[in-house]
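In the numbering used here, the protein residues as written are -16 to 385. Think of the CB as a built atom: it goes at the ideal place given N, C-alpha and C, for glycine as much as any other residue. Every value quoted in this text rests on a predicted model; they were computed, and no experiment measured them. Accompanying notes for the structure given below.
Next up, the structure:
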């Protein structure tokens, strides 16, 4: 019923006919009011999101299976860790550096307990796995893929006159991966954490979009092509020589719009970056709430940008931190969607708004498709090396005092 509005309409028509027949009977007005109230209560209760932690709530996620290691043997059950402390201990254990194996690693096992290699690898998988090519929507969970750019409609070449939108060309920045972490701090500048993107963030220049949620962070990573790197540096690196910037004359309108965005100020970025959400597969009630209308994200919630130049052999990154918690509208949508996340296939696209004829037609900047993400199964936010060694230091201090 939740996924089929036709069935809902048929039930509504049947109820109307029933009430019409009841109206011909010798009944009191109070009974009519009671029937209408019961029907309204049924409709409201049917489409009200249920708490995800409810013990009697319906489970929409993947079938629960007994975890096994590579040899096929059953491993320890990972459920029941409601406060996340086991997961936190495992994440700390895996961050011990190779050169500290003689001391830190041994101390880790002694302090946190024994963990099998299979459990640690399964737990710390980052980024999320890619959706299998050719698989049916809804058949795989907790993974991502790159959507088809033409599914997004953007401003056409003559939009300023005719308001006509067209299918977008390919994404300007290809997607690298997606991470989902639990944390109560919802940090900014997630790119500074060595554990995100599986530790491979610095392999290529990356544009990060950090969705700072009430319970964690959703990180999407996109590769910045070489042609845009000078413009990123021009807008954020005070030591960059802007006289060396290449000309935009030979760029397409979409490329030109993206290049201007890369070198613009934070205020200008907040006036042009648009989010385009779309529920590809899921309950129709969620589709109606989310919609697919573009919105300039900087006018809906606070957005800050962080730039880290290339150093120590690591490529630069530009990060957009979206503070979802600060927006009442965003919190409302999130409250509706979170009860259905395991059955949602959601496209998140971003485009730079073209405001002049030389920036039209628009072209999608980035896009990622999320397949059945389950926040309850997400790992904790990775600890930095500094946090790990501080933990060991505190453990040593405790031992000395005892």
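Could you have a look at residue 199 and say whether DSSP puts it in helix, strand or coil? Stepping through the chain shown from its first residue, residue 199 is reached at position 216. Here DSSP, grouped into helix, strand and coil, assigns residue 199 to strand.
What first and last residue would you give for the alpha helix (DSSP H) that runs through residue 241? The residue you call residue 241 lines up with position 258 of the chain shown. Residue 241 -> alpha helix (DSSP H) spans 236 to 246.
According to DSSP, simplified to helix, strand and coil, what is residue 279? As a position in the chain shown, residue 279 is number 296, starting the count at 1. In the three-state reduction of the DSSP assignment, residue 279 falls in the strand class, which pools E and B.
Within the chosen definition, does the stretch 185 to 194 reach the stretch 299 to 306 through at least 3 CB pairs nearer than 8 Å? Flag = yes, the stretch 185 to 194 and the stretch 299 to 306 touch.
Would you call residue 366 buried or exposed, if buried means 16 or more other Cβ atoms sit within 10 Å of its Cβ? If you number the chain shown from 1, residue 366 lands on position 383. The residue is buried, with at least 16 neighbouring Cβ atoms inside 10 Å.
Measuring only the C-alpha atoms, how far is residue 353 from residue 118? On the chain shown, position 370 is the one that residue 353 refers to. On the chain shown, position 135 is the one that residue 118 refers to. So the two alpha carbons sit approximately 14 Å from each other.
Exposure label - residue 168; buried when at least 16 CB within 10 Å: As a position in the chain shown, residue 168 is number 185, starting the count at 1. Exposed, since its Cβ has fewer than 16 Cβ neighbours within 10 Å.
Would residue 386 be called buried (16 or more neighbouring beta carbons within 10 Å of its own) or exposed? Nothing in the structure corresponds to residue 386, since the chain is present only between -16 and 385.
Do the CB positions of residue 256 and residue 281 come within less than 8 Å of each other? Here residue 256 refers to the residue found at position 273 of the chain shown. Here residue 281 refers to the residue found at position 298 of the chain shown. Their beta carbons are under 8 Å apart, which means residue 256 touches residue 281 by this criterion.
Less than 8 Å between the CB atoms is what I'm expecting for residue 157 and residue 211, so what's the real figure, rounded? On the chain shown, residue 157 is found 174 positions in, with the first residue counted as 1. On the chain shown, residue 211 is found 228 positions in, with the first residue counted as 1. Beta-carbon to beta-carbon, residue 157 and residue 211 are separated by about 12 Å, too far to satisfy the 8 Å threshold.
Let me know if residue 173 comes out buried or exposed under the rule of 16 or more other beta-carbons within 10 Å of its beta-carbon. For the purposes of this step, residue 173 is taken as the residue at position 190 of the chain shown. Taking all protein chains shown into account, residue 173 has 16 or more neighbouring C-beta atoms within 10 Å of its C-beta and is therefore buried.
Starting from residue 302, follow its DSSP beta bridges and name the residues at the other end. Within the chain shown, the letter at position 319 stands for residue 302. Beta-bridge pairing links residue 302 to 191 and 289.
Run through DSSP, which three-state label would residue 126 get? As a first step, residue 126 must be located in the chain shown, where it is residue number 143. Residue 126 falls in the strand class under three-state DSSP.
Taking residue -10 as the reference, give the member of 336, 284, 360 and 267 with the closest Cα. Within the chain shown, numbered from 1, the residue matching residue -10 stands at position 7. Comparing Cα positions, the closest option is 267.
Note down, in chain order, each residue of its chain lying with its Cβ closer than 7 Å to the Cβ of residue 198, except the 5 sequence neighbours on either side. Taking the chain shown and counting its residues from 1, the one referred to as residue 198 is at position 215. Here residue 198 has 165 and 358 as same chain residues with Cβ atoms under 7 Å from its own Cβ, once five neighbours each way along the sequence are excluded.
Cα separation between residue 284 and residue 226? Taking the first residue of the chain shown as 1, we reach residue 284 at position 301. Taking the first residue of the chain shown as 1, we reach residue 226 at position 243. Cα to Cα, the separation comes out at about 35 Å.
Tell me which residues share the same chain as residue 245 and place their Cβ nearer than 7 Å to its Cβ, disregarding the 5 neighbours each side in the sequence. What you label residue 245 is simply residue 262 of the chain shown in a count that begins at 1. Contacts found: 211, 214, 215 and 218.
Does DSSP put residue 210 in a helix, a strand or coil? As a working note, residue 210 is residue 227 in the chain shown. Here residue 210 sits in helix by DSSP.
Comparing alpha-carbon positions, which option in 155, 109 and -6 lies nearest residue 345? On the chain shown, position 362 is the one that residue 345 refers to. Ranking the options by Cα distance to residue 345, first place goes to 155.
Going by DSSP, what residue range makes up the alpha helix (DSSP H) through residue 6? Numbered from 1 along the chain shown, position 23 holds the residue referred to as residue 6. Here the alpha helix (DSSP H) through residue 6 covers -12 to 7.
Pick from 254, 326, 330 and 253: whose alpha carbon is nearest that of residue 276? Mapped onto the chain shown, residue 276 falls at position 293. When C-alpha distances from residue 276 are compared across 254, 326, 330 and 253, the shortest belongs to 330.
Nearest CA to the CA of residue 152: which residue from 327, 130, -3 and 170? To locate residue 152, count along the chain shown from 1; it is residue 169. Per the Cα distances, 130.
Looking at residue 328: is its Cβ nearer than 8 Å to the Cβ of residue 160? One-based indexing of the chain shown puts residue 328 at position 345. One-based indexing of the chain shown puts residue 160 at position 177. At least 8 Å separates the beta-carbon of residue 328 from that of residue 160.
Starting from residue 354, follow its DSSP beta bridges and name the residues at the other end. Mapped onto the chain shown, residue 354 falls at position 371. Beta-bridge pairing links residue 354 to 126 and 328.
Nearest-angstrom Cα distance between residue 349 and residue 3? Stepping through the chain shown from its first residue, residue 349 is reached at position 366. Stepping through the chain shown from its first residue, residue 3 is reached at position 20. Between residue 349 and residue 3, the C-alpha separation is close to 53 Å.
For residue 1, does the count of other Cβ atoms within 10 angstroms reach 16, so buried, or fall short, so exposed? Looking up residue 1 in the chain shown gives position 18. Residue 1 is classed as exposed because its beta carbon has fewer than 16 other beta carbons within 10 Å across all chains shown.
Three-state secondary structure (DSSP) of residue 131: Within the chain shown, residue 131 is the residue found at index 148, counting from 1. Assigned with DSSP and collapsed to three states, residue 131 falls in coil, not helix or strand.
Could you pull the DSSP bridge partners for residue 254 from this structure? Position 271 of the chain shown, counted from the first residue, corresponds to residue 254. Residue 254 pairs with nothing; no bridge assigned.
Could you name the residues that DSSP lists as bridge partners for residue 113? Your numbering for residue 113 matches position 130 in the chain shown. In the DSSP assignment, residue 113 is bridged to 127.
Helix, strand or coil for residue 74, going by three-state DSSP, please let me know. Translated into the one-based positions of the chain shown, residue 74 becomes position 91. At residue 74 the pLDDT is 41, less than 50, meaning the model places this residue with poor confidence; the figure from the coordinates comes in the next sentence. DSSP, read as helix, strand or coil, puts residue 74 in helix.
Considering only their Cβ atoms, is the gap separating residue 286 from residue 253 smaller than 8 Å? Position 270 of the chain shown, counting from 1, holds the residue named residue 253. Position 303 of the chain shown, counting from 1, holds the residue named residue 286. In contact: residue 253 and residue 286 (Cβ atoms closer than 8 Å).
Tell me the rounded alpha-carbon separation between residue 347 and residue -4. As a first step, residue 347 is located in the chain shown; it is residue number 364 there, counting from the start. As a first step, residue -4 is located in the chain shown; it is residue number 13 there, counting from the start. The C-alpha of residue -4 is placed about 42 Å away from the C-alpha of residue 347.
Bounding residues of the beta strand (DSSP E) (the contiguous stretch that carries residue 148): Mapped onto the chain shown, residue 148 falls at position 165. Where residue 148 is concerned, the enclosing beta strand (DSSP E) stretches over 148 to 150.
Give every residue of the same chain whose Cβ lies closer than 7 Å to the Cβ of residue 278, excluding the five residues on either side of it in the sequence, and list them in chain order. The residue given as residue 278 occupies position 295 in the chain shown. The beta carbon of residue 278 lies closer than 7 Å to those of 257 and 258 in the same chain, with the five residues before and after it left out.
At what residues does the beta strand (DSSP E) containing residue 165 begin and finish? If you number the chain shown from 1, residue 165 lands on position 182. Start and end: 158 to 165.
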